[in-house]
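S.K.: Could you have a look at this structure, given as structure tokens, before my questions?
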Amino acid sequence: MYESRAPREEFDVVCAECGKQTTVPFKPTGNRPVKCRECFQKDRPAGAGPRGDSRGPRRDFGGAPGGDRQLFDATCTRCGTQTQVPFKPTPGRDVFCRDCFRSANPR
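Heads up, the working numbering is the position in the sequence shown plus 7, with the first residue counted as 1.
Put into structure tokens, the structure is as follows:
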């Protein structure tokens, strides 16, 4: 049986492109312009997937076996372990090793 999820919180915004009042399912930070659904869709590249790119279906944390995904050195925010992650860490943002990530996001 499926658990029902609580409805997402919506935030009122004004589209940075067309000026239309709309809502978005995330709290804008003020650092980036927020667009309405129509302007966001209009500006996506042709063939773009749900993340706005054309890379195809999203893979799990480990990526495709035998892939040539670039890994970046990082220090886990929680336990201090040296690790590698499949994204370039952003200063000021938490980075977790595989074990801490799994314990924070149980399946």
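Yeah, the Cβ is synthetic: ideal placement off N, Cα and C, and Gly gets one too.
Under three-state DSSP, which class holds F79?
M.R.: strand
S.K.: Quick one: grab the DSSP three-state call for F33.
M.R.: coil
S.K.: To the nearest angstrom, report how far apart Q91 and D106 are at their CA atoms.
M.R.: Between Q91 and D106, the alpha-carbon positions lie close to 12 angstroms from each other.
S.K.: Can you tell which of C43, K49, A23 has the C-alpha that lies nearest to the C-alpha of G37?
M.R.: The residue from C43, K49, A23 with its alpha-carbon nearest to that of G37 is A23.
S.K.: For F18, list the residues DSSP reports as bridge partners.
M.R.: V31
S.K.: Buried or exposed for K42, going by 16 or more other Cβ atoms inside 10 Å?
M.R.: buried
S.K.: Identify the residues that DSSP records as bridge partners of V92: which are they?
M.R.: F79
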